[in-house]
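Student: Residue numbers for the sequence shown, in full-length UniProt numbering: 1 to 177.
By construction, the Cβ of each residue, glycine as well, lies at the ideal position given by its N, Cα and C atoms.
All figures in this text were calculated on a predicted structure; none of them were measured in a lab.
A single structure is presented below for examination.
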Amino acid sequence: MFSKFQPTWQVESIYDLPPEELRKKGIKVVLTDLDNTLIAWNNPDGTPQLREWLQKMEEAKIPVVVVSNNSFKRVERAVRSLGLPFVSRAMKPFARGLKIAVKRYGLEKHETVLVGDQLMTDVASANNFGIRCILVKPLVKSDAWNTKINRFLENIVKKRLLKENKLSTTWRHDLND
């Protein structure tokens, strides 16, 4: 039961994912959560570090697609200045948003990875859909009110995964197995 919450990799930040390393793992497309993964939930403008990472991904021709549970209006406003395609109302932990992204952008599941900061939504969604996933440390410690409920449940799951050695207390800076 808890295995659906086990990430493929655990990396401190999405910015720790250079295109060369993704290519070595056969990844050609990055699907990413929005809040606390790509941008801080309370700072929709992003950071210079984000823009630098997105530039590297664009130069390497690795598309980045946002897959978020947020409304169309919220996601569109957040990614407008970044010029990123997106799927809103993804309904994670279900695979709905991932299915839409793969179909809409003509992707192959085995060439795709989902990056997110939550076990209960992002990791579970990727595992339910059968793609690899990267758990990242949330960009900020605070969460929107609705995410706080998930974090409470997530802590229970984390303890179990840690006990079973399926999750690490150390955040990596690469995808090396």
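1) For Arg160, which residues of its own chain have a beta-carbon under 6 Å away from its beta-carbon, when the five flanking residues on both sides are left out?
2) Apart from the five residues on each side of it in sequence, which residues of its chain come closer than 6 Å, Cβ to Cβ, to Thr11?
3) Ordered along the chain, which non-local residues of its own chain (more than five positions away) have a Cβ less than 8 Å from that of Gln6?
4) Assign Asp117 to one of two classes, buried (16 or more other C-beta atoms within 10 Å of its C-beta) or exposed (fewer than that).
5) Where do the ends of the alpha helix (DSSP H) carrying Leu22 lie?
6) Flag this pair as yes or no: are the beta carbons of Val79 and Ala101 separated by less than 7 Å?
7) By Cβ distance below 6 Å, which residues in the same chain neighbour Leu107 in space, the five residues on each side in sequence not counted?
8) Determine the DSSP secondary structure at Gly46, reduced to helix, strand or coil.
9) Looking at the structure shown, is Gly97 part of a helix, part of a strand, or coil, going by DSSP?
10) Where does Gln10 sit, in a helix, a strand or coil, going by DSSP?
11) Give the straight-line distance between the Cα atoms of Phe72 and Phe86, rounded to the nearest whole angstrom.
12) Buried or exposed for Phe152, going by 16 or more other Cβ atoms inside 10 Å?
13) Thinking Thr112 and Leu31 are a contact (beta carbons under 8 Å), I'd like their distance in whole angstroms, please.
14) Kindly give me the distance between the Cβ atoms of Phe129 and Ala90, rounded to whole angstroms, as I take these residues to be in contact under 8 Å.
15) Tell me which residues share the same chain as Leu34 and place their Cβ nearer than 7 Å to its Cβ, disregarding the 5 neighbours each side in the sequence.
16) Taking Leu139 as the reference, give the member of Leu119, Ser13 and Lys4 with the closest Cα.
17) Helix or strand or just coil, what does DSSP make of Arg80?
18) When you compare the CB positions of Ile62 and Pro19, do they come within less than 7 Å of one another, or not?
Tutor: Put simply:
1) Counting only Cβ-Cβ distances below 6 Å, and skipping sequence neighbours, we find Phe2.
2) Note that residue 11 is Val in the sequence shown, not Thr. Correct list, in chain order: Ile134, Val136 and Arg172.
3) Val123, Asn127, Leu161, Lys166 and Leu167
4) buried
5) Leu22 -> alpha helix (DSSP H) spans Pro19 to Lys24.
6) no
7) Within the same chain, Cβ atoms closer than 6 Å to the Cβ of Leu107 are found at Val29, the five residues on either side in sequence being excluded.
8) coil
9) helix
10) strand
11) 9 Å
12) exposed
13) Distance from Thr112 to Leu31 at the Cβ level is roughly 6 Å; contact confirmed, criterion being Cβ atoms closer than 8 Å.
14) Not quite, the Cβ-Cβ distance comes to about 11 Å (not below 8 Å), so this is no contact.
15) Val66, Ser68, Asn70, Val75 and Ala78
16) From the listed residues Leu119, Ser13 and Lys4, the smallest Cα separation to Leu139 is found for Ser13.
17) Three-state DSSP puts Arg80 in a helix.
18) yes
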